[in-house]
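The numbering used here numbers the first residue of the sequence shown as 832 and each following residue consecutively.
Worksheet for the structure shown next.
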Amino acid sequence: MSRERKRKTDKIIGCPRCQASMHEVQQKTAFLDRCPKGHGTFFDQGEMFEALGAAADPSLWDRSETAGAVRPGKIGCPRCSAQMLLQDIGVSQARVEIDRCGHCGGIWLDHGEAEKLMAIGAGQVDKAFAERRAAQAELDRMSEVDFRAGGARGLIRSFLSLFRQ
């Protein structure tokens with residue numbers, strides 16, 4: 832999102848913790864909203880990957896083995912005012928509780944939580960890439976099915992086997 836577009840369409844928002852007016856800060860190509868007092872940061876949907884890189888990709892930490900249950904939070908979303916949801920993210924001793932908006936998709940991270948989230952994501956990279964390679968290999972294998980010789984049943988069985996654990 833360009834700086835001009837954000838300034839024209841978005842208002843200055845308040846910190847959900849202390850209500851201070853947040854400042855727009857540029858991190859890589861993203862323009863984020865940061866509290867000048869507590870240094871928490873609000874990421875609009877899609878900005879986290881853009882600002883923090885691959886280790887902050889939600890597909891790495893928002894997984895069944897790392898993401899805990901979502902429950903009602905105590906703060907409002909600074910972008911749309913909907914009640915934020917709390918979610919525990921973690922593996923072993925590396926844990927963080929983040930605030931997510933179920934309405935606009937924004938994420939609020941208190942000071943220091945981005946680093947914890949990125950560490951959790953970085954720990955999942957090898958597993959995620961292995962899963963992607965296995966899925967691609969299965970797709971490649973499926974493309975070799977001969978539909979003229981009754982191969983459709985085998986194709987369906989192969990596809991369904993992707994969902995069995």
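Where a beta carbon is used, it is the ideal one built from N, C-alpha and C, also for glycine.
In this text, all values refer to a predicted model and were calculated from it rather than measured experimentally.
Helix, strand or coil at residue i [DSSP, three-state]
i      : result
LEU993 : coil
GLN876 : coil
CYS849 : coil
ARG865 : strand
Cβ neighbours of residue i in the same chain (closer than 6 angstroms, five flanking residues each side left out)
i      : result
GLU835 : Low confidence applies to GLU835: its pLDDT is 45, below 50, so where it sits in the model is not reliable, and the reading given next is rough at best. Once the five neighbours on either side are set aside, GLU835 has no close Cβ partner at all.
ILE843 : SER852
ASP941 : GLY871
C-alpha gap between residue i and residue j, whole angstroms
i      : j      : result
PRO951 : PRO889 : Residue identity differs from the one stated: residue 951 is Ile in this sequence, not Pro. Going by the C-alpha atoms only, they are around 10 angstroms apart.
LEU891 : ARG963 : 12 angstroms
ILE920 : LEU863 : 22 angstroms
PRO909 : HIS934 : 12 angstroms
GLY954 : THR897 : 10 angstroms
VAL856 : THR872 : 9 angstroms
ALA886 : ALA961 : 16 angstroms
GLN918 : GLN967 : 31 angstroms
Cut-off 7 angstroms between Cβ atoms - residues of its own chain near residue i, not counting five sequence neighbours on either side
i      : result
ALA965 : none
GLU998 : There is simply no residue 998 to check, as the chain begins at 832 and stops at 996 in what is shown.
Which residues DSSP lists as bridging residue i, in chain order
i      : result
GLY884 : GLY884 pairs with nothing; no bridge assigned.
ILE987 : In DSSP, ILE987 forms no bridge with anything.
ALA925 : VAL922
HIS854 : ARG865
ARG902 : LEU917
Span of the alpha helix (DSSP H), counted from its first residue to its last, around residue i
i      : result
ILE843 : Counting along the chain, ILE843 falls outside any alpha helix (DSSP H), and DSSP gives it neither H nor E.
GLU969 : 944-973
SER895 : Premise fails: SER895 is in no alpha helix (DSSP H) and is neither H nor E.
Cβ neighbours of residue i in the same chain (closer than 8 angstroms, five flanking residues each side left out)
i      : result
LYS958 : none
ALA913 : GLY907, CYS932, GLY933, HIS934 and CYS935
ASP893 : ILE920
Extent of the continuous beta strand (DSSP E) run through residue i
i      : result
PRO909 : PRO909 -> no beta strand (DSSP E), and no H or E assigned at all.
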